[in-house]
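What follows is one structure encoded as structure tokens, with my remarks underneath.
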Amino acid sequence: MEKDKKEDEKVAIVETIDKQTLYNEIKNNKIANEQSEKFVRAIFENYFLDNDNINFLQKNGYNFFSFFDDELCFCLSEKKYEDCCKLKLINIVDKTYKTYEEILHKPEEYEKYLLSTFESFKNTFLKLAKLEKCNYPNCSEYANENRLYEINFDKKNLLSTNRLNPFDNIFKMGEDFFKKVSNENFKFYGLCNNHFNELRLITINSKTSDQEIIKIHIIALLYKTFIGKVQLECLKEEFRKYFNSISDEDYKALFVFRIKKLSSLVKSLLENLKIYKTNFLENKDLKIIKLELETNKNMKLFDLMYPQVCPEDFSLVNSINNIFVPERVATINIANTDEISLTTIVYNKKDERLEKFFNQYLKILENKEKFIEAFVSNCALILSDNILFDKSFYDKLENENKLLYSALNKFRFENPNMGQEYLKMKFFAGFNKGNNFF
Ligand SMILES: [Zn+2]
Ligand SMILES: [Zn+2]
Numbered sequence: 000m001e002k003d004k005k006e007d008e009k010v011a012i013v014e015t016i017d018k019q020t021l022y023n024e025i026k027n028n029k030i031a032n033e034q035s036e037k038f039v040r041a042i043f044e045n046y047f048l049d050n051d052n053i054n055f056l057q058k059n060g061y062n063f064f065s066f067f068d069d070e071l072c073f074c075l076s077e078k079k080y081e082d083c084c085k086l087k088l089i090n091i092v093d094k095t096y097k098t099y100e101e102i103l104h105k106p107e108e109y110e111k112y113l114l115s116t117f118e119s120f121k122n123t124f125l126k127l128a129k130l131e132k133c134n135y136p137n138c139s140e141y142a143n144e145n146r147l148y149e150i151n152f153d154k155k156n157l158l159s160t161n162r163l164n165p166f167d168n169i170f171k172m173g174e175d176f177f178k179k180v181s182n183e184n185f186k187f188y189g190l191c192n193n194h195f196n197e198l199r200l201i202t203i204n205s206k207t208s209d210q211e212i213i214k215i216h217i218i219a220l221l222y223k224t225f226i227g228k229v230q231l232e233c234l235k236e237e238f239r240k241y242f243n244s245i246s247d248e249d250y251k252a253l254f255v256f257r258i259k260k261l262s263s264l265v266k267s268l269l270e271n272l273k274i275y276k277t278n279f280l281e282n283k284d285l286k287i288i289k290l291e292l293e294t295n296k297n298m299k300l301f302d303l304m305y306p307q308v309c310p311e312d313f314s315l316v317n318s319i320n321n322i323f324v325p326e327r328v329a330t331i332n333i334a335n336t337d338e339i340s341l342t343t344i345v346y347n348k349k350d351e352r353l354e355k356f357f358n359q360y361l362k363i364l365e366n367k368e369k370f371i372e373a374f375v376s377n378c379a380l381i382l383s384d385n386i387l388f389d390k391s392f393y394d395k396l397e398n399e400n401k402l403l404y405s406a407l408n409k410f411r412f413e414n415p416n417m418g419q420e421y422l423k424m425k426f427f428a429g430f431n432k433g434n435n436f437f
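Throughout the sequence shown, residue numbering follows numbering that gives the first Met the number 0, covering 0 to 437 in sequence.
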């Protein structure tokens, strides 16, 4: 016993010393390969990378801000960058062009930026819509227009932070982002009419089978994947056409970082989609969590959720700015019947980090250390991004709460460089008392 304790202490001390020594050696650039690998692994456990971390990773071959000729092209063509988008770069300088990063410093240009990105988004949406095949196993039809939520938004007053133009993503602290949803929101192409209707007829209640739950959940994944592909295609076009028009090296670097981030997200979504499709008819790999609560008219949710940090050991699930950590997602649905509100969460149980995250939370809920209501509310508001609030519920909130909910819902995705720590703290604080929509 005594010996074990000593051993533990020794390990802890050795680890501290090692890291400190490594830090110093990195600064002096005197580091053995084996040590640097160890350090890379340690950095990969960070939720947020600071400048030192990024510099170190850059030195060790993780290219955040430019493209190597021989890396796979960001556009997911599976060709090397030098044989793909690099070849298509246009060599004409357009002095009127400004990147998103530049717009952040010139807010007066934002309206113009919105018009051009929305135009590009709409056209690309239609272009990819024509190419999208039905994702139902063994169907060879083309996909039709589908909608994430089966709600007539013109008749129901629901609010969301979802915007028709996904490039409209400057969210300012102290503003209310929740706006009325219209029937134009949440459209995508993913399934043919027959199969979309088949899945739509399934309702989630306590009797729904696991296989049927997976069938419903794939819709949210299809929605996010389609929108992600459209966004990536837009950025690809913008890159090819205008990259050589950017004169400022910093804006170039940030533009590349933004492209790489989106590319890594879409790649993860496509991989997840593959897993959901493999388990669509017979489930082996997906785990389903069901949480039953009193029925709830205040909010709805059908979305992906992005777990961030495990609640017990604080180990990382997703990193906020390490684009080389694959994005881990689960799907979440909150269905309300007259009697109950049933939250279902589906995720790939072979993913050790997701498994750890959910197991730790389920244990906490089981021990009644925290309330299921707060867990579900936080997942919907903070770890997802398409929560719908009933207007009559939202209108009754104090202004301070509206602003807080806006910040909690958006900042993780759009402004990862601000307030991560604040967000994490709020997540855990909200878990105990506030943020309860039931
Ligand atoms: Zn390419
Ligand atoms: Zn089909």
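Quick reminder that beta carbons are idealized off the backbone N, C-alpha and C, glycines included. This structure is a prediction, so every number in the text was calculated from the model and none was measured.
For residue 41, the enclosing alpha helix (DSSP H) starts and ends at 32-42. Beta-bridge annotation (DSSP): residue 141 is paired with 132. Residue side-chain check: residue 198 keeps its Cβ at 7 angstroms or more from all non-hydrogen atoms of ligand 2.
Of all residues, those with a beta-carbon under 5 angstroms from at least one heavy atom of ligand 2 are 133, 135, 138, 140, 191 and 194, reported in chain order. Placement of the Cβ of residue 262 at a distance of 7 angstroms or more from every heavy atom of ligand 1 is found. Taking 7 angstroms as the cut-off, one finds at least one heavy atom of ligand 1 near enough to the beta carbon of residue 84.
CA-to-CA, the gap between residue 124 and residue 118 works out to about 10 angstroms. Cα atoms of residue 330 and residue 214: separation of roughly 11 angstroms, rounded to the nearest angstrom.
In the three-state reduction of the DSSP assignment, residue 259 falls in the helix class, which pools H, G and I. Inter-residue distance for residue 73 and residue 128 is about 21 angstroms (C-alpha atoms, whole angstroms). In this chain, the alpha helix (DSSP H) harbouring residue 358 covers 351-365. Distances from the CA of residue 42 to each of 354, 320 and 385 were compared; the closest alpha carbon is that of 320. Residue 228: member of the alpha helix (DSSP H) spanning 209-241, first to last residue. Per DSSP, residue 390 lies in no beta strand (DSSP E); the unbroken alpha helix (DSSP H) holding it starts and ends at 390-394. Rounded to the nearest whole angstrom, the C-alpha separation of residue 145 and residue 195 is 7 angstroms. Look at the beta carbons and you see the stretch 264-284 not touching the stretch 304-317: under three pairs across the two are nearer than 8 angstroms. Of the other Cβ atoms in all chains shown, 16 or more fall within 10 Å of the Cβ of residue 230; this residue is therefore buried.
Here DSSP, grouped into helix, strand and coil, assigns residue 265 to helix. Distance from the CA of residue 378 to the CA of residue 372, rounded to the nearest whole angstrom, comes to 10 angstroms.
The residue among 436, 264, 83 and 219 with its C-alpha nearest the C-alpha of residue 187 is 219. The Cβ atoms of residue 198 and residue 142 lie no closer than 8 angstroms to each other. Less than 8 angstroms separates the beta-carbon of residue 271 from that of residue 328.
Checking the 7 angstroms criterion, the Cβ of residue 76 is within range of a heavy atom belonging to ligand 1. With fewer than 16 other beta carbons inside 10 angstroms of its own, residue 172 counts as exposed. For residue 347, the uninterrupted beta strand (DSSP E) run begins and ends at 339-347, by DSSP. For the 8 angstroms CB-CB criterion, residue 339 and residue 293 form a contact. The three-state secondary structure of residue 187, taken from DSSP, is strand.
Rounded to the nearest whole angstrom, the C-alpha separation of residue 262 and residue 77 is 12 angstroms. Distance from the C-beta of residue 233 to the nearest heavy atom of ligand 1 is not below 7 angstroms. DSSP places residue 111 in the helix class (H, G or I) of the three-state scheme. Proximity of the beta carbon of residue 72 to ligand 1 is indicated: a heavy atom of the ligand is located closer than 7 angstroms. DSSP, reduced to helix, strand and coil, places residue 308 within a strand of the structure shown. Put simply, the backbone Cα of residue 184 is about 13 angstroms away from that of residue 155. Ranking 264, 236, 435 and 285 by CA distance to the CA of residue 381 puts 435 first. Here residue 325 is not near residue 356, since their CB atoms are 8 angstroms or more apart. Per DSSP, reduced to three states, the secondary structure at residue 336 is coil, with no helix or strand assignment.
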